[in-house]
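Just remember that this note's numbering sits 425 ahead of the position in the sequence shown, which is counted from 1.
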Amino acid sequence: MKISIITIFPEYFPQALAVGILGRALEARLVEVDLIDLRDYAEGTHRAVDDAPFGGGPGMVMMPEPLAKALDPLEGTHRVLFTPVGRRLDQAMLDRWSDLDHLTLVCGRYEGVDERIAEHFIDEEVSVGDYVLAGGEVAALLVTEGIVRLLPEAVGNPCSVVFESFREGLLEEPVYTRPSVFRGWQVPEVLLSGDHRRIAAWRTAQRRERTRDRRPDLLEGKCNVEEW
Ligand code: SAM
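Here you go:
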């Protein structure tokens, strides 16, 4: 899989891409990340990529021309623009994108990107949450990590990405490790019982209870809400 990232700050990424699962996946060539410096497509001595907004107002807007030139060769790839006005990122999007051969991520800065880019060069506009960041680079890193850990062979135990939060629309149950008593706090007795059926039933109940308490929105639309 290839992920192309269009940014004015390519230097933002290398350190994060070198560690953990991402670092191992890149080294093993499970994924290739191409950092595209938007300023390479800008004109003039200052290689400006932004200009004042039509109609007035604060801040600057990213000009369409450099972005279009950077995106033209990437036509045919799945092109995602990060913007607070996009659809909210979720696990289903990451699952879907992890099956692609080539994904393009466009990082905005300033007050955002000229709307004609969103309209004519972008397949999906995506937000990473209801807050405003200074740029799309955090989002691009977040998506890259979220996708790469789904690639076959990227994580040591493939089951770990199957049994986790948001699978089957539920949050994960609480997890514990040694010692079984820590500062007087006990691990739930059932987990020490060795009774796998009881453990499985406890985990399912915990997933449901947690989701009901913390994220009831995940249960909306489920047929038998009472049961959950
Ligand atoms: N003026 C824009 C607005 O109010 O919606 C915010 C622009 S923000 C300061 C600059 C860039 O950061 C955006 O173009 C986008 O690429 C990125 N960004 C900021 N918050 C984001 C979010 N919640 N999700 C995705 N991208 C975001």
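Ideal Cβ placement from N, Cα and C applies to all residues, glycine included.
Rounded to a whole number of angstroms, what is the C-alpha to C-alpha distance between K494 and Y466?
Each residue's alpha carbon lies about 6 Å from the other.
Can you give me the start and stop residues for the beta strand (DSSP E) that R513 sits inside?
Here the beta strand (DSSP E) through R513 covers 503-513.
Could you work out which residue in P478, M518, H503, E549 is closest to H527 when comparing CA atoms only?
Closest by alpha carbon: H503.
Would you call the segment 608-627 in contact with the segment 565-585, where contact means no fewer than 3 C-beta pairs closer than 8 Å?
The answer is no - the segment 565-585 does not touch the segment 608-627, with fewer than three Cβ pairs under 8 Å.
Drop a sphere of 10 angstroms on the beta-carbon of L617, count the other beta-carbons inside from all chains shown, and report buried for 16 or more, exposed for fewer.
By the 10 Å Cβ count, L617 comes out exposed.
Rounding to the nearest angstrom, what Cα-Cα distance links G480 and E536 in this structure?
Rounded to the nearest angstrom, the two C-alpha atoms are 14 Å apart.
Quick check on DSSP: helix, strand or coil for V612?
In the structure shown, V612 sits in coil (DSSP, three-state: anything other than H, G, I, E or B).
Apart from the five residues on each side of it in sequence, which residues of its chain come closer than 8 Å, Cβ to Cβ, to V606?
Only V612 meet the Cβ criterion.
Return the first residue and the last residue of the beta strand (DSSP E) that V531 is part of.
Run containing V531: 527-531, per the beta strand (DSSP E) assignment.
With hydrogens ignored, establish whether the beta-carbon of V553 is closer than 7 Å to any heavy atom of the ligand SAM.
Because some heavy atom of the ligand SAM lies under 7 Å away, the Cβ of V553 counts as near it: yes.
Tell me whether P491 is buried or exposed, calling it buried when 16 or more other Cβ atoms sit within 10 Å of its Cβ.
Flag for P491 reads buried.
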